[in-house]
Each structure stands twice: as structure tokens, then as C-alpha cells.
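Heads up: the sequence shown is residues 295 to 530, going by the numbering used here.
This report concerns only the one structure given below.
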Amino acid sequence: MMEELLPESVVAVESHGDDGTGDASLYPEELAVLSRAVGKRRREFASVRVCARRAMDKLGVAPGPVLPGERGAPRWPAGVIGSMTHCEGYAAAALARAGELASLGIDAEPHLTLPDDVLEAVALPGESARLELLGARMPAVHWDRLLFSAKESVYKAWFPLTRKWLDFSEADIDITLDPVPSGGAPTGGLHARLLVPGPVVDGVTVQSFTGRWTVRHELLATAITVDRHPAAQPAA
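Set out below in C-alpha cells:
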């Protein structure tokens with residue numbers, strides 16, 4: 295599911311359900327991070343790191359510990375960029391060589407409507423209006439949860455480039471819907487316009503991120519990538 299949302303330069307590995315490895319799959323440094331964690335947190339932490347190490351192997355990078363850094367962002371080996379995500383019954387990691395992409399972010403969520411009042415905190419007025427139009431076209435998709443996921447992916451791509459917080463209100467995301475073949479899964483594009491000064495990549499200030507989304511297996515997934523050599527973009 296995740297790999298189809300990303301360019302060929304990105305290696306993605308995902309797992310459904312508990313892989314059964316648990317703490318045995320973790321390095322001592324990772325176990326130390328979990329000294330006070332409850333069982334659910336330990337299982338999710340381990341599952342997503344199993345995915346990350348499999349992705350490292352596919353990328354030709356020696357597997358090693360993936361420790362949380364500033365604001366919980368994963369610390370990758372030198373020369374590697376990546377992102378991880380997990381939700382109930384699912385985990386995924388996506389990695390690329392730093393020379394191929396500047397940054398990337400992935401997120402997966404259960405395909406359910408958001409809890410009460412969350413959309414109001416997440417969505418800009420224009421986004422809410424566009425979600426209503428999408429809902430009229432395809433009511434089976436929980437567009438509110440998809441917007442939330444897209445904003446999570448945008449943040450995960452933003453933070454490694456800036457080391458700064460990005461509020462939900464500081465990115466305006468336009469979600470597009472691809473034509474859906476009979477029996478096919480809904481998919482589409484993402485365009486995130488940054489409403490604050492964007493990161494500088496290869497001497498260019500990047501004011502928008504792009505990506506893809508899909509809904510499948512009672513899950514939805516979003517992915518954002520930032521090119522290593524972006525074209526010039528208009529200011530916010």
C-alpha cells in the first residue's frame with residue numbers, strides 16, 4: 295500500500311498485525327527508550343523498527359538502532375532519510391538515499407471518521423469546504439481523517455528540513471481524487487501550500503509539498519516527498 299504512493303527511489307516496507315518479534319527485535323539502546331512504556335507502545339515501537347531495518351537492508355544500508363530524536367523524529371544512519379508510521383494492526387517505514395530526495399513523510403490511519411471536534415482543530419475553512427465537495431463525490435471515504443493524515447505526513451517531511459514545529463493551520467492541503475476503476479481502491483494526489491516561510495533546499499525556498507494517498511484494507515495512507523533539487527516556487 296505505502297510503496298505505491300512513493301517514487302522508485304524510496305524503499306517502503308510494511309507489516310499487518312503483530313510480527314511476533316517484540317522486544318527480541320530491538321537493540322539495547324532502543325530497549326532503554328522503552329523502560330517505562332506499556333505493552334501496546336512496546337509492540338508498536340518494535341513492529342515499526344522491524345519494518346525500518348528491513349527497509350535498510352533493501353536499501354543496502356547496514357541495519358542499526360532507530361532512536362527517537364528531537365520531537366520524536368527518528369534518527370537515521372548518515373546519508374539516509376526516512377519516515378515511519380504505525381496504527382492499530384499496521385506499521386510501515388520508508389527510506390531513501392539522501393542524494394535522491396530532500397525529505398519524505400508517511401502516515402497511516404484507521405479508515406474511520408475523526409473524533410468529535412478534531413476536524414475543527416485541523417482544517418482551515420477552505421479545506422473544510424473542499425472536503426464537503428469530495429464527500430459529495432465519494433461519501434465512502436472518510437475525508438476528514440484523510441486530511442488529518444496528510445497534515446501528519448506534511449509535518450514529518452517538514453521537520454527534518456527546518457527543525458521547527460508546523461501547526462495544522464500553517465499548511466493548506468488540496469486533496470484530489472483520481473478516476474476510480476471498477477473494483478479499484480480510491481487514490482489521489484496531495485498538494486500542500488505552506489503558509490509560513492518554507493525550508494530552503496538546494497538554494498530554493500520550497501513553499502509547497504506534493505504527495506499521494508490511498509484507502510485500502512480499512513486503512514488510509516498518505517505520503518509526501520520533497521525533491522532534492524526543487525524548481526523555483528512562488529512565495530507564500
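The beta carbon of each residue, even a glycine, is placed where N, CA and C say it ideally should be.
Given a cut-off of 8 Å on the beta-carbon distance, is the pair residue i and residue j in contact?
i      : j      : result
Pro368 : Val360 : yes
Thr504 : His485 : yes
Ala349 : Leu299 : no
Leu489 : Asp468 : no
Glu403 : Leu513 : yes
Tyr449 : Gly492 : no
Ser447 : Ile518 : yes
Gly393 : Gly311 : no
Pro473 : Met432 : no
Skipping 5 residues on each side, what residues in its chain have a beta carbon closer than 6 Å to that of residue i?
i      : result
Leu471 : Gly482
Leu428 : Trp437
Ala515 : Met295, Met296, Ala402, Thr508
Val304 : Ala388, Ala390
Which term fits residue i, buried or exposed, when burial requires 16 or more other beta carbons within 10 angstroms of its beta carbon?
i      : result
Ser329 : exposed
Arg457 : exposed
Gly478 : exposed
Asp411 : exposed
His511 : exposed
Arg506 : buried
Arg424 : buried
Ala451 : buried
Ala340 : buried
Ala430 : exposed
Val355 : buried
Val500 : buried
Report the CB separation of residue i from residue j in whole angstroms; it is logged as a contact under 8 Å.
i      : j      : result
Ala396 : Val520 : 4 Å
Arg487 : Ser502 : 5 Å
Leu441 : Glu421 : 6 Å
Arg343 : Glu324 : 7 Å
Val327 : Pro357 : In fact, because the Cβ distance is near 17 Å, the residues do not count as touching under 8 Å.
Can you list, in chain order, the residues of its chain whose CB lies under 7 Å from that of residue i, leaving out five sequence neighbours each side?
i      : result
Leu406 : His436, Arg439
Lys445 : Val416, Phe462, Ala465, Ile467
Taking only beta-carbon positions, decide if residue i is within less than 8 Å of chain D.
i      : result
Gly354 : Looking at the structure shown, chain D is missing, and only one protein chain is on hand.
Quick one: what's got a C-beta closer than 8 Å to residue i's C-beta in the same chain, skipping five residues either side?
i      : result
Pro454 : Ala367, Ile375, Ser397
Trp370 : Val360, Gly376, Leu389
Cys381 : Ala402, Glu403, Pro404, Leu513
Cys345 : Val307, Glu308, Ser309, Met378, Ala385, Ala386, Ala387
Quick check on residue i: does DSSP put it in helix, strand or coil?
i      : result
Ala512 : Inspection of the sequence shows that residue 512 is occupied by Glu rather than by Ala. Residue state, collapsed to three classes: coil.
Thr456 : helix
Glu302 : coil
Val412 : helix
Ser377 : strand
Gly316 : helix
Leu353 : helix
Gly358 : coil
Tyr449 : helix
Leu406 : coil
Ala465 : strand
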